[in-house]
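Since the structure comes first, as structure tokens, the remarks are kept for the end.
Number of protein chains: 2
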Amino acid sequence: MATHLETLETPVPIVDLDRLSHNLDQMAAYATLHGLRLRPHVKTHKATRIATEQLQRGAVGLTCATTHELDVMSSVCDDLLLAYPPVGAARLERIMRLSANTRLTVAVDSADSLPALAMAAKLARRDLNVYVEVDLGMRRVGVKPAQEAVDLARAVLEQSPLRFAGIMFYPGHVRESVTEQGASIAKLSADIEELLERLADMGMSAAQVSGGSTPLAWRIHEVAGVTEVRPGTYVYNDRTTAGIGACDWVDCAFTVLATVVSTAVPGQAVIDAGTKALGREPLRSEGDGWAALLDRPEVVVTRMSEEHGVLDLRNTDWRPRVGDRVRLVPNHVCIVTHLFDEIVGVRGDYVETSWPVEARGRGVVQRERDQAPRGPRAM
Amino acid sequence: MATHLETLETPVPIVDLDRLSHNLDQMAAYATLHGLRLRPHVKTHKATRIATEQLQRGAVGLTCATTHELDVMSSVCDDLLLAYPPVGAARLERIMRLSANTRLTVAVDSADSLPALAMAAKLARRDLNVYVEVDLGMRRVGVKPAQEAVDLARAVLEQSPLRFAGIMFYPGHVRESVTEQGASIAKLSADIEELLERLADMGMSAAQVSGGSTPLAWRIHEVAGVTEVRPGTYVYNDRTTAGIGACDWVDCAFTVLATVVSTAVPGQAVIDAGTKALGREPLRSEGDGWAALLDRPEVVVTRMSEEHGVLDLRNTDWRPRVGDRVRLVPNHVCIVTHLFDEIVGVRGDYVETSWPVEARGRGVVQRERDQAPRGPRAM
Numbered sequence: 550m551a552t553h554l555e556t557l558e559t560p561v562p563i564v565d566l567d568r569l570s571h572n573l574d575q576m577a578a579y580a581t582l583h584g585l586r587l588r589p590h591v592k593t594h595k596a597t598r599i600a601t602e603q604l605q606r607g608a609v610g611l612t613c614a615t616t617h618e619l620d621v622m623s624s625v626c627d628d629l630l631l632a633y634p635p636v637g638a639a640r641l642e643r644i645m646r647l648s649a650n651t652r653l654t655v656a657v658d659s660a661d662s663l664p665a666l667a668m669a670a671k672l673a674r675r676d677l678n679v680y681v682e683v684d685l686g687m688r689r690v691g692v693k694p695a696q697e698a699v700d701l702a703r704a705v706l707e708q709s710p711l712r713f714a715g716i717m718f719y720p721g722h723v724r725e726s727v728t729e730q731g732a733s734i735a736k737l738s739a740d741i742e743e744l745l746e747r748l749a750d751m752g753m754s755a756a757q758v759s760g761g762s763t764p765l766a767w768r769i770h771e772v773a774g775v776t777e778v779r780p781g782t783y784v785y786n787d788r789t790t791a792g793i794g795a796c797d798w799v800d801c802a803f804t805v806l807a808t809v810v811s812t813a814v815p816g817q818a819v820i821d822a823g824t825k826a827l828g829r830e831p832l833r834s835e836g837d838g839w840a841a842l843l844d845r846p847e848v849v850v851t852r853m854s855e856e857h858g859v860l861d862l863r864n865t866d867w868r869p870r871v872g873d874r875v876r877l878v879p880n881h882v883c884i885v886t887h888l889f890d891e892i893v894g895v896r897g898d899y900v901e902t903s904w905p906v907e908a909r910g911r912g913v914v915q916r917e918r919d920q921a922p923r924g925p926r927a928m
Numbered sequence: 550m551a552t553h554l555e556t557l558e559t560p561v562p563i564v565d566l567d568r569l570s571h572n573l574d575q576m577a578a579y580a581t582l583h584g585l586r587l588r589p590h591v592k593t594h595k596a597t598r599i600a601t602e603q604l605q606r607g608a609v610g611l612t613c614a615t616t617h618e619l620d621v622m623s624s625v626c627d628d629l630l631l632a633y634p635p636v637g638a639a640r641l642e643r644i645m646r647l648s649a650n651t652r653l654t655v656a657v658d659s660a661d662s663l664p665a666l667a668m669a670a671k672l673a674r675r676d677l678n679v680y681v682e683v684d685l686g687m688r689r690v691g692v693k694p695a696q697e698a699v700d701l702a703r704a705v706l707e708q709s710p711l712r713f714a715g716i717m718f719y720p721g722h723v724r725e726s727v728t729e730q731g732a733s734i735a736k737l738s739a740d741i742e743e744l745l746e747r748l749a750d751m752g753m754s755a756a757q758v759s760g761g762s763t764p765l766a767w768r769i770h771e772v773a774g775v776t777e778v779r780p781g782t783y784v785y786n787d788r789t790t791a792g793i794g795a796c797d798w799v800d801c802a803f804t805v806l807a808t809v810v811s812t813a814v815p816g817q818a819v820i821d822a823g824t825k826a827l828g829r830e831p832l833r834s835e836g837d838g839w840a841a842l843l844d845r846p847e848v849v850v851t852r853m854s855e856e857h858g859v860l861d862l863r864n865t866d867w868r869p870r871v872g873d874r875v876r877l878v879p880n881h882v883c884i885v886t887h888l889f890d891e892i893v894g895v896r897g898d899y900v901e902t903s904w905p906v907e908a909r910g911r912g913v914v915q916r917e918r919d920q921a922p923r924g925p926r927a928m
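If you read the protein sequences in the order shown, they are chains A and B.
Residues in the first sequence are numbered from 550 upward in steps of one, following our numbering.
Residues in the second sequence are numbered from 550 upward in steps of one, following our numbering.
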């Protein structure tokens, strides 16, 4: 009595379970092959169901960006990395409320943030591992290598109960095709080697060198010194990942199922997936449009409103009718999961399961505070 | 014992309650002044709290784009318009499940969609009002005026129990500043007048002529024949609305409160609001960036990752420190409310209330089906 895809109300996010398993297996095998610690970023799926699959395949822990992700993932994992600056009283408070059984690591890029962090850890009676985040070209967060990073590592060591646990970088600026990443890899390696030497000169050692990103995931073992990887997108993949060659098109496990709702305007078909179902993320590889059809990648969404997507039909003989179903591969899947509360898992054309996107959103902080004042700060 | 804004965990969406009331009052007064039926679009707020305020100020009903919006809003309003093609078995089924007390109108742009719509209404034993959607330049959905629209109106009349209730258009293509909309208004008026005449020639009359959009909201009374308006954004307003002069900057009631989390990279400050808190919507007026500071509109978010926003500091003397709070006016607020589950209402710098964004997302269709099979379609 399986439910056919055709019966689902659209728009709805669909994950092909066979492709998902394949993607999970591939990354686990890659990490094992090269002796890398795999610490997947949960931002892509935000679901304990997928996190559990990652852990069962040997992931050493999980990477989170938000406190809500930490909260949710602490129910299935006792080794979490907050790859985000632990700044702000409310954020620190929420971090420290995590179960005492959770081994917690945070990434910092500012000496100014250390005293409050150390005090919060002390009051919560918890050890805290700290990665020093270095900027190796992304120009987002992170201190410059090598001197600034060495200084920050020393500052961490001076702040009990913080523990200097390694260095971290995010190579999100490396967006070349997989085959063209050689120069970027050489540059990353040079920066890291210099930093590790300088740390050694000062009597410090980075227990971990944590790198990440799915685009670079399959070549990260070539970067000198890397011990840990934090890919996120690989579980589902998307149009950008395929476009740069970090996966094949058939590895795109995640699509948005949509319905053609209008063909009234000539030369186009309107589907019921717009910005509120697909996001509005640029394609980071060759091509244009906001999403492409799984079965006809040459047909793309060229315009969107909140609940409308416009398929350009000028370069195809395909002429959909009102009511037809299509499956769309989004440019950037991490944004799309954040738009939905539930994902439907399919095997072929039939629904097999579904799971909640528990770490979507922020958690209901304000109402919680209204109901349960927590001392002076809640007033 | 009020909670100060400073204590909230960020990123968090904040609504200034005084500004919200002002915006609600202004639009209600405008509609009254010109004898227009105000049927606000709920896509902007997706909250029964705000919908109730709109109804208390004289709105005749509400406009929805999704079935989940219909479901949620039917709890506070008995006159709903689905301004979206009622296409697809699952969508029709959900529409027809609405309480029989709900007076329902749907917009159609395809004769092909009428038989299933009429059959669904008949089986549900409900009357259904139908607007014929015309495309007056938006090129999204809608049939061409006048002949196609007249033909479609006649097709509606032939499908019992459907009732031809009027024509509808969405002037979303009119994006000029409010003072420069004269030519667009003349063009809309000419198209509508011709269509109404052609309908009259065929012995039909459009009980309502429903127009919409916040950019044109304050001049929609100048468009010939319009009886009903469907603005959405005006409750909160945003950077685009202010940019085209459809509101003043001080009427921007909605901001995202964020924290500066890094100043490690020179020339910029990184905040904890990125694409997953601000969306990635282009500014539809003069200027660039993805959001601007409420108190310093010249400082804008120039780059974003999922949880990072980069404030460009090159054109300002302002030098924020890690931990500082900022409030951001997004380019397009309707996308931002869709990212959060709860909105915090503030009076000045203090939290007064909060409300859920109940109509965010899609409702939990799949799990509902799993648990309660509904005849042959759920199998």
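Each residue gets a CB set at the ideal place from its N, CA and C atoms; glycine is no exception.
Source: prediction; values computed, not measured.
- Using a 10 angstroms sphere on the CB of Glu729 (chain B), the tally of other CB atoms stays under 16, which defines it as exposed.
- For Met717 (chain A), the enclosing beta strand (DSSP E) covers residues Leu711 to Met717.
- Thr790 (chain B) and Arg688 (chain B) have their C-alpha atoms roughly 21 angstroms apart.
- Of all residues in the stretch 838-861 of chain A, the ones placed with a Cβ closer than 9 angstroms to any Cβ belonging to chain B are Arg852, Ser854, Glu855, Glu856, His857 and Val859, in chain order.
- Comparing C-alpha distances from Thr556 (chain A) to each of A:Gly858, A:Thr776 and A:Thr808 shows the shortest one belongs to A:Thr808.
- Proximity of chain B to Gly691 (chain A) at the Cβ level (cut-off 9 angstroms) is accounted for by Ser811, Ala813 and Val814, in chain order.
- Within the stretch 752-813 of chain B, complete alpha helix (DSSP H) segments of at least 4 residues are found at 788-792, given in chain order.
- With respect to chain B, the C-beta atom of Asp658 (chain A) has a partner C-beta closer than 8 angstroms.
- Scanning its chain for C-beta atoms nearer than 6 angstroms, with the 5 sequence neighbours on each side dropped, one finds around Gly838 (chain B) the residues Val849, Val850 and Thr851, in chain order.
- One thing to note: Val564 (chain B) has its Cβ no nearer than 8 angstroms to the Cβ of Gly836 (chain B).
- By the neighbour-count criterion, in which a residue is buried when 16 or more other Cβ atoms sit within 10 angstroms of its Cβ, His583 (chain B) is exposed.
- Contact between Arg646 (chain B) and Leu611 (chain B) is ruled out by a C-beta separation of about 18 angstroms, above the 8 angstroms threshold.
- Not flagged as an interface residue toward chain B: Glu725 (chain A), since no C-beta distance is shorter than 8 angstroms.
- 8 angstroms or more divides the Cβ of Pro664 (chain B) from the Cβ of Val723 (chain B).
- When the Cα atoms are used, Phe889 (chain B) and Val679 (chain A) turn out to be separated by approximately 30 angstroms.
- For the stretch 861-893 of chain A, the set of residues with a beta-carbon nearer than 8 angstroms to any beta-carbon of chain B comprises Arg870, Val871, Gly872, Cys883, Ile884, His887, Leu888, Phe889, Asp890, Glu891 and Val893, in chain order.
- Across the stretch 605-628 of chain B, CB contacts with chain A closer than 8 angstroms involve Ala614, Thr615 and Thr616, in sequence order along the chain.
- Annotation: the stretch 827-904 of chain A contains the following complete segments of the alpha helix (DSSP H) (minimum length 4 residues), in chain order: 882-886.
- If you compare the alpha carbons of B:Arg909, B:Asp898 and B:Asp873 with that of Asp567 (chain B), the shortest gap goes to B:Asp898.
- The C-beta of Glu907 (chain A) comes no closer than 8 angstroms to any C-beta of chain B.
- Only buried fits Ser662 (chain A), as 16 or more other CB atoms lie within 10 angstroms of its CB.
- Bounds of the beta strand (DSSP E) holding Gln817 (chain B) are Gln817 to Ile820.
- For the C-beta of Pro634 (chain A), the chain B residues within less than 7 angstroms are, from N- to C-terminus, Val810 and Ser811.
- Taking 8 angstroms as the cut-off, the Cβ atoms of Val758 (chain B) and Gly715 (chain B) count as close.
- When 9 angstroms is used as the limit between beta carbons, Leu573 (chain A) is near no residue of chain B, the shortest such separation being about 21 angstroms.
- Among the residues of chain B, none has a CB under 8 angstroms from the CB of Ser738 (chain A); the nearest is roughly 22 angstroms distant.
- In the assembly as shown, Gly858 (chain B) is a buried residue. Its beta-carbon has 16 or more other beta-carbons within 10 Å.
- Between Ser811 (chain B) and Asp658 (chain A) the beta-carbon gap is near 5 angstroms, inside 8 angstroms, which marks them as a contact.
- At least 8 angstroms separates the CB of Gly760 (chain A) from every CB of chain B.
- The alpha-carbon separation between Ala632 (chain A) and Leu641 (chain A) amounts to approximately 14 angstroms.
- Residue-level contact by beta carbon fails for Ser834 (chain A) and chain B, as no gap is shorter than 8 angstroms.
- With 16 or more other Cβ atoms inside 10 Å of its own Cβ, Gly823 (chain B) counts as buried.
- Closest in C-alpha terms to Pro720 (chain A), from the list A:Met751, A:Val683, A:Arg712 and A:Ala749, comes A:Val683.
- Counting only the Cα atoms, Val900 (chain B) lies some 22 angstroms from Tyr783 (chain B).
- For Thr593 (chain A), the secondary structure class from DSSP, reduced to helix, strand or coil, is coil.
- The straight-line gap separating the alpha-carbon atoms of Arg876 (chain B) and Leu843 (chain B) is approximately 6 angstroms.
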